[in-house]
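*Asks:*
Chains as they are written, first to last, in the numbering used here: chain X, 1 to 212; chain F, 1001 to 1323.
Structure representation (structure tokens):
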């Protein structure tokens, strides 16, 4: 492993993960504050939905970037993965609530939309699939499930990310470049999990070879 | 001109402060128009219902009153910074930022097809001949948001009368300017450029159908389709094609841009209809812009509230099929 990466990993190992739990409240609070104060344009509800949805997807993709980062570059940020994943969940929840409570604001119409609008059905499926992952994110849940079953359950995250990106593509008129860019990034992150040799080194912290 | 447009929209005391100055100007201007025999008059601080109005069924009146209660004119700021004009980009704020470089003078409009006097007309020459007037219309986007906008323009039927429509003509086709050097969005193939729209001839001849050259008492901002755009208030906004350079009278129903891109989502007629949903969202309600974060959705009206004026155009048609 190349020395700067080793140093980085050592530094990260000493850093606590808990400050990351401020991320979701900060993102949600910031966008809500903008919307409340007339700083998010003439259609604040819509802007709020879009910004929260985009942020949730970004956090989800960040979460998915940690494994390839370690595999390909030996950078080990895995200690932040749970906090990032949970942040993605909470921002996604805020996105859903902004839509249901502020935008649609009618029970019958919420359920009608979930049932009849494919992009909403898909977004809702993505969110519901996040719930068991969030619930089993604690150490004790991990122990109860056992490593193997826990890992199998948490593979759901790949489906969730795909559903989220499809939801994003569908909500836009026509084929727009922004959601397609997220699809591209997701596909890269998934491809980086395929078994091919790492770029810089072996597994983080182990078998340090000559730097490439 | 025997037909007189009667607006059912009023300005209310709650007009947001930032447009107050605009409002004063509009009211003065409208007062001027009324004095010179224009279509509108002013009474006690309101744009009055001074136009000859036929008797409305009570139900319609009640509905209109309910809608009116939520119909102050949209803030100018909202109307000019929240635009779908994909020629300038995909975000609502892109047109306001990027339309500035568009050259709009001189502006020529090619009028061709089944007309008596085809040709390329200078916009100034058109404007010298045709009377312009102010119209306050609701504007309903297919995406579920809406505005109330004070337009200035001339009736398309006056233009068509001037150039002479041949009896074989049944549709009118419109085209937006194609100039990628000034319209950067045209470099991205979201739609087949130039943007195309169309109307049935009777829709085009309807007195509500306006060719707008201004709004809020000012020349049309570039992001709103300067210098000449169509306004068809009972149809979803994408029908109201902007920056028009070509008007063709034709025999067959013309192709239209969004219909070409997604025929199951955007029909040729695109009449505002709360009972026919867009496949991706309900059209039963809309959000009036300018009301802040917690402004509730309001019910969408049939033909955007212009049912009395236009319903007869579609008598006997299955509006689910011809959406």
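For every residue, glycine included, the Cβ atom is placed at its ideal position computed from N, Cα and C.
Which chain X residues sit within Cβ distance under 8 Å of residue 1107/F?
*Replies:* None at all; the shortest Cβ gap to chain X is about 28 Å.
*Asks:* Report the partner residues of residue 1113/F according to the DSSP bridge assignment.
*Replies:* 1249/F
*Asks:* Mind listing, in chain order, the continuous alpha helix (DSSP H) runs of no fewer than 4 residues lying wholly within the segment 1110-1154 of chain F?
*Replies:* DSSP assignment within the segment 1110-1154 of chain F yields the following whole alpha helix (DSSP H) runs of 4 residues or more, N-terminal first: 1123-1129.
*Asks:* Just tell me which of 185/X, 158/X, 138/X, 144/X has its CA closest to the CA of residue 83/X.
*Replies:* 138/X
*Asks:* Counting only Cβ-Cβ distances shorter than 9 Å, please list the residues of the segment 109-134 of chain X near chain F, keeping chain order.
*Replies:* Here the close residues are 109, 112, 113, 116, 117, 118, 119, 120.
*Asks:* Determine, using beta carbons only, whether residue 1015/F comes closer than 8 Å to chain X.
*Replies:* Reliability of the predicted coordinates at residue 1015/F is poor, the pLDDT of 38 falling under 50, and no value is obtained from them.
*Asks:* Comparing alpha-carbon positions, which option in 1213/F, 1175/F, 1120/F, 1144/F lies nearest residue 1154/F?
*Replies:* 1213/F
*Asks:* With three or more C-beta pairs closer than 8 Å as the rule, is the segment 1173-1185 of chain F touching the segment 1229-1246 of chain F?
*Replies:* yes
*Asks:* Label residue 1222/F either buried or exposed according to how many other C-beta atoms from any shown protein chain fall within 10 Å of its C-beta, with 16 as the threshold for buried.
*Replies:* buried
*Asks:* Using a Cβ-Cβ cut-off of less than 8 Å, give me the residues of the segment 1087-1114 of chain F that come near chain X, in sequence order.
*Replies:* 1090, 1092, 1093
*Asks:* Mind checking who residue 157/X pairs with in its DSSP beta bridge?
*Replies:* DSSP lists no partner for residue 157/X.
*Asks:* Do you know offhand how far residue 1309/F's Cα is from residue 165/X's?
*Replies:* 43 Å
*Asks:* With DSSP run on the structure shown, which of helix, strand or coil describes residue 1304/F?
*Replies:* helix
*Asks:* Could you tell me which chain F residues have their CB closer than 7 Å to the CB of residue 7/X, listed as they occur along the chain?
*Replies:* What residue 7/X touches in chain F: nothing, since even the nearest Cβ is about 41 Å away.
*Asks:* If I'm right that residue 49/X touches residue 98/X with Cβ under 8 Å, what's the distance once you round it to whole angstroms?
*Replies:* Yes, residue 49/X and residue 98/X are in contact; Cβ-Cβ is about 5 Å, under 8 Å.
*Asks:* Mind listing the chain F neighbours of residue 241/X? Cutoff is C-beta to C-beta under 9 Å, in chain order.
*Replies:* The displayed coordinates of chain X run from 1 to 212. Any statement about residue 241/X would go beyond what the structure contains.
*Asks:* What residue from 149/X, 171/X, 81/X has the CA that sits closest to residue 66/X's CA?
*Replies:* 81/X
*Asks:* Would residue 1238/F pass as a contact of residue 1253/F if the rule is Cβ separation under 8 Å?
*Replies:* no
*Asks:* Whose C-alpha, out of 44/X, 41/X, 88/X, is nearest the C-alpha of residue 26/X?
*Replies:* When only C-alpha atoms are compared, the closest one is 88/X.
*Asks:* Could you check whether the Cβ of residue 45/X sits closer than 8 Å to any Cβ belonging to chain F?
*Replies:* So, interface residue.
*Asks:* CA-CA distance, residue 29/X and residue 104/X?
*Replies:* 21 Å
*Asks:* Tell me, please, whether the segment 1228-1242 of chain F touches the segment 1190-1197 of chain F by the rule of three or more beta-carbon pairs shorter than 8 Å.
*Replies:* yes
*Asks:* Does residue 1066/F have its Cβ less than 8 Å from a Cβ in chain X?
*Replies:* Reliability fails at residue 1066/F, whose pLDDT of 49 lies under 50, so the model's placement of it is uncertain and no value is given.
*Asks:* Is residue 1014/F helix, strand or coil when you go by DSSP?
*Replies:* Because the pLDDT at residue 1014/F is just 37, under 50, the model does not fix this residue reliably, and the value given afterwards should be weighed accordingly. Reduced to three states, the DSSP call for residue 1014/F is coil.
*Asks:* Please tell me whether residue 160/X and residue 183/X are closer than 8 Å, where the distance is taken between their beta carbons.
*Replies:* no
*Asks:* Which word fits residue 196/X, buried or exposed, when buried means at least 16 other C-beta atoms lie within 10 angstroms of its C-beta?
*Replies:* exposed
*Asks:* If we define contact as Cβ-Cβ less than 8 Å, is residue 183/X a contact residue for chain F?
*Replies:* For residue 183/X, the closest Cβ of chain F is not nearer than 8 Å.
*Asks:* Just checking: is the beta-carbon of residue 1020/F within a distance shorter than 8 Å of some beta-carbon in chain X?
*Replies:* Here residue 1020/F scores only 42 on pLDDT, less than 50, and its place in the model should not be relied on; the value that follows carries that caveat. With respect to chain X, the C-beta atom of residue 1020/F has no partner C-beta closer than 8 Å.
*Asks:* When the Cα atoms are used, what is the spatial distance from residue 1179/F to residue 155/X?
*Replies:* The C-alpha of residue 155/X is placed about 49 Å away from the C-alpha of residue 1179/F.
*Asks:* Exposed or buried, which one is residue 1275/F when buried takes at least 16 other CB atoms within 10 Å?
*Replies:* exposed
*Asks:* Kindly confirm or deny that the segment 1287-1307 of chain F and the segment 54-70 of chain X touch, where touching means at least three C-beta pairs closer than 8 Å.
*Replies:* no
*Asks:* Tell me which residues share the same chain as residue 1226/F and place their Cβ nearer than 6 Å to its Cβ, disregarding the 5 neighbours each side in the sequence.
*Replies:* Counting only Cβ-Cβ distances below 6 Å, and skipping sequence neighbours, we find 1104, 1220.
*Asks:* Hey, residue 1078/F and residue 1289/F are a contact pair by Cβ (cut 8 Å); roughly how many whole angstroms apart?
*Replies:* The pair is a contact, with the Cβ atoms about 5 Å apart (cut-off 8 Å).
*Asks:* Would you say residue 1032/F reaches chain X, if we count a Cβ-Cβ gap shorter than 8 Å as a contact?
*Replies:* Low per-residue confidence applies at residue 1032/F: pLDDT is 44, beneath 50, and the placement is therefore not dependable enough to give any value.
*Asks:* Do we get a CB-CB distance below 8 Å when we pair residue 1230/F with the residues of chain X?
*Replies:* no
*Asks:* Restricting to runs no shorter than 3 residues, where is the beta strand (DSSP E) found entirely within the segment 1251-1313 of chain F?
*Replies:* You should have 1285-1288.
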